[in-house]
Amino acid sequence: MKNILLVCNSFPNIGGIEKIIMKHACFLNKEFTINLCCLFNEGGLQDTFLREITENRIPVFELNANIRKFDIKALYRLSKLMTSLKIDIVRTYSIYANRYGLLAARLAGIKNVVCSYHSIYPFPVTKKTYLMDSMIYSNCKALIVSSEEMKQHCLTRFKFNPHKVFIVNDGLDLSEIPVYTAQDKADIKKSLNINENDKILIVIGRLEPVKKFDLLIESFLSVLKIYPDTTLLIVGDGSQRQALESLVATCGIIEKVKFLGYQKDVFRFLSISDIFVLTSTYEGMPLVVLEAMAMGLPVVSTDVGNCRDVLALRDYECGIVCPIGDKEKIVEGIIALLTDESKRKQMSISAKKRIEEDFSLKNEMDFYEELFNSFN
């Protein structure tokens with residue numbers, strides 16, 4: 007059985023990429039021996055994460071690298087870890103994990119390294135960084151991206167062999183998508199003190215500047231002028247929570263905005279919602295968008311990452327895509343869907359069908375099993 011090391015940044019919160027890594031670890035553990043290494047310690051590992059990993063008997067190693075600079079000592083510790091565990095394949099997630107994982111694997115003599123590139127974020131690229139990445143990524147056996155746009159970006163930036171770049175959709179375990187009765191939904195609304203007939207907008211994510219929750223709140227304020235019987239659910243936590251709560255108070259809409267904090271089970275809140283909204287300035291392929299679509303929610307999203315392809319590909323129309331930072335278009339999109347119930351219902355049907363056909367976890371795991379088994 008092949009021995010695989012998954013390398014990630016850290017697990018201070020359970021966001022989209024962390025959920026993906028957890029699913030990969032738990033599902034691949036059935037066919038391979040899986041180990042997990044976190045580079046940085048940013049507040050420790052989430053209890054939720056530890057429980058799930060422990061239940062699947064997956065060893066977790068914390069490297070405690072210095073997050074503020076490239077840590078040579080941590081690099082050698084990672085290389086020694088790979089050697090001591092007799093790793094056959096290294097799978098890395100995110101730019102930092104890619105760099106550490108590729109260099110450590112080279113030191114350990116491991117040739118089978120699979121990296122992923124999750125978003126086209128405008129990181130400052132100096133000549134030194136460009137040359138370093140070009141050299142480092144030459145040791146990558148396969149590079150995983152989520153869209154054709156991202157593939158072209160990586161081919162340009164890293165001069166990568168196009169035959170080694172694979173477009174792979176993040177998958178959902180469709181058997182885990184719950185079904186809620188009308189009574190279930192009524193009980194959830196009651197527990198949140200939401201009027202039975204209110205329309206509900208929902209957003210899920212880290213409360214950080216890149217997510218632009220302030221723009222969402224300002225947009226919601228405009229929506230309330232047309233549809234006063236509307237509630238906004240904000241699921242997630244982060245450094246901006248206090249500032250966002252202050253903004254809501256200043257706008258005088260405390261009763262209309264519910265800050266729910268981090269929630270392991272987001273589906274119960276999606277089940278009572280009518281529209282999912284994403285206002286980020288950059289993303290890869292947001293897992294929360296897929297989860298919302300799986301629950302039949304139409305999406306209003308900024309034009310980030312792979313959202314345009316996901317929401318409006320082939321015969322599907324699953325949502326409305328708006329220019330990044332354009333409050334007027336975001337408001338227009340939300341109001342258009344609140345006004346046209348038949349369009350909402352059609353988008354709901356299309357969203358579910360799109361997930362079932364193109365975003366199943368089984369298809370994703372089948373790809374990785376075939377890829378890993380092809381390595382010597």
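Mapped onto the numbering used here, the consecutive letters of the sequence shown carry residue numbers 7 to 382.
Backbone N, C-alpha and C define an ideal beta-carbon position, used for all residues, glycine too.
Which first and last residues belong to the alpha helix (DSSP H) in which Arg105 is found?
As a working mapping, residue 105 is identified with position 99 in the sequence shown. Where Arg105 is concerned, the enclosing alpha helix (DSSP H) stretches over 101-114.
For Asp332 and Glu202, the rounded distance between their alpha carbons:
Within the sequence shown, the letter at position 196 stands for residue 202. Within the sequence shown, the letter at position 326 stands for residue 332. Linking Glu202 to Asp332 through their CA atoms gives a straight-line distance of about 31 angstroms.
Under three-state DSSP, which class holds Phe265?
Your numbering for residue 265 matches position 259 in the sequence shown. It is a strand residue.
Leu91 and Asn9 look like a contact to me (Cβ under 8 angstroms); what is the Cβ gap, rounded to whole Å?
The residue given as residue 91 occupies position 85 in the sequence shown. The residue given as residue 9 occupies position 3 in the sequence shown. Contact between Leu91 and Asn9 holds, since their C-beta atoms are separated by about 6 angstroms, short of 8 angstroms.
Could you spell out the range, first to last residue, of the alpha helix (DSSP H) harbouring Lys351?
Taking the first residue of the sequence shown as position 1, residue 351 is located at position 345. Element bounds for Lys351: 347-364.
What span of residues does the beta strand (DSSP E) with Arg97 cover, start to end?
Translated into positions along the sequence shown, residue 97 becomes position 91. Its beta strand (DSSP E) spans residues 95-98.
Residues near Arg314 in its chain [Cβ-Cβ closer than 7 angstroms; skip 5 each side]:
Residue numbering aside, residue 314 sits at position 308 when the sequence shown is read from its first letter. Excluding sequence positions up to five before and after Arg314, its CB lies within less than 7 angstroms of the CB of Val327, all in the same chain and listed in chain order.
Start and end of the beta strand (DSSP E) containing Ala148?
Position 142 of the sequence shown, counted from the start, is the residue given in the question as residue 148. Ala148: member of the beta strand (DSSP E) spanning 148-151, first to last residue.
Could you tell me the alpha carbon to alpha carbon distance between Leu222 and Lys270, rounded to whole angstroms?
Start at 1 with the first residue of the sequence shown, and residue 222 comes out as number 216. Start at 1 with the first residue of the sequence shown, and residue 270 comes out as number 264. Between Leu222 and Lys270, the C-alpha separation is close to 22 angstroms.
Taking only the alpha-carbon atoms, compute the straight-line gap between Pro168 and Ser153 and give it to the nearest angstrom.
For this step, residue 168 is matched to residue 162 along the sequence shown. For this step, residue 153 is matched to residue 147 along the sequence shown. Using only the alpha carbons, I get a separation of about 13 angstroms.
What is the rounded straight-line gap between the Cα of Ala103 and the Cα of Ala188?
Counting from 1 along the sequence shown, the entry for residue 103 is found at position 97. Counting from 1 along the sequence shown, the entry for residue 188 is found at position 182. C-alpha separation (whole angstroms): 44 angstroms.
Assign Glu261 to buried or exposed, taking buried as 16 or more other Cβ atoms, counted over all protein chains shown, within 10 Å of its Cβ.
Position 255 of the sequence shown holds residue 261. Classified as exposed, Glu261 has fewer than 16 neighbouring CB atoms from the shown chains inside 10 Å of its CB.
Are there three or more Cβ pairs, one per stretch, closer than 8 angstroms when the segment 93-109 is compared with the segment 137-145?
At 8 angstroms Cβ cutoff, the stretches touch.
Using only the alpha-carbon positions, how far apart do Phe33 and Cys43 sit?
Position 27 of the sequence shown, counted from the start, is the residue given in the question as residue 33. Position 37 of the sequence shown, counted from the start, is the residue given in the question as residue 43. Between Phe33 and Cys43, the C-alpha separation is close to 17 angstroms.
Can you look up Ser245 in the DSSP assignment and give me helix, strand or coil?
Numbered from its first residue, the sequence shown carries residue 245 at position 239. Look at Ser245 here: in three-state DSSP terms it is coil, with no helix or strand label.
Expected contact under 8 angstroms - CB spacing of Pro292 and Gly311 to nearest Å:
Here residue 292 corresponds to residue number 286 of the sequence shown, with the count starting at 1. Here residue 311 corresponds to residue number 305 of the sequence shown, with the count starting at 1. Beta-carbon to beta-carbon, Pro292 and Gly311 are separated by about 7 angstroms, close enough to satisfy the 8 angstroms threshold.
Straight-line Cα distance separating Leu149 from Ile278
Sequence index remark: in the sequence shown, residue 278 carries index 272 (1-based). Sequence index remark: in the sequence shown, residue 149 carries index 143 (1-based). The alpha-carbon atoms of Ile278 and Leu149 are separated by roughly 38 angstroms.
Range covered by the beta strand (DSSP E) that runs through Lys217:
Along the sequence shown, one-based indexing puts residue 217 at 211. Counting along the chain, no beta strand (DSSP E) covers Lys217, and no H or E run does either.
I need the boundaries of the beta strand (DSSP E) containing Ile194, first residue and last residue.
Working through the sequence shown from its first residue, we reach residue 194 at position 188. From DSSP, Ile194 is part of no beta strand (DSSP E) but of the alpha helix (DSSP H) over 188-197.
Given this structure, state the Cα-to-Cα distance separating Val294 from Lys231, to the nearest angstrom.
Residue mapping note: residue 294 aligns to position 288 of the sequence shown, counting from 1. Residue mapping note: residue 231 aligns to position 225 of the sequence shown, counting from 1. Going from the Cα of Val294 to the Cα of Lys231 covers about 27 angstroms.
Go ahead and pull the three-state DSSP assignment for Leu91.
Here the question's residue 91 lines up with position 85 in the sequence shown. When secondary structure is reduced to three states using DSSP, Leu91 falls in the coil class, being assigned neither helix nor strand.
Give the secondary structure of Lys8 by DSSP, where H, G and I count as helix, E and B as strand, and everything else as coil.
The sequence position of residue 8 within the sequence shown is 2, counting from 1. Note: Lys8 maps to coil in three-state DSSP.
What do you reckon, are the CB atoms on Ile336 and Ser245 nearer than 8 angstroms?
Your numbering for residue 336 matches position 330 in the sequence shown. Your numbering for residue 245 matches position 239 in the sequence shown. Against a cut-off of 8 angstroms, the Cβ pair of Ser245 and Ile336 comes out as no contact.
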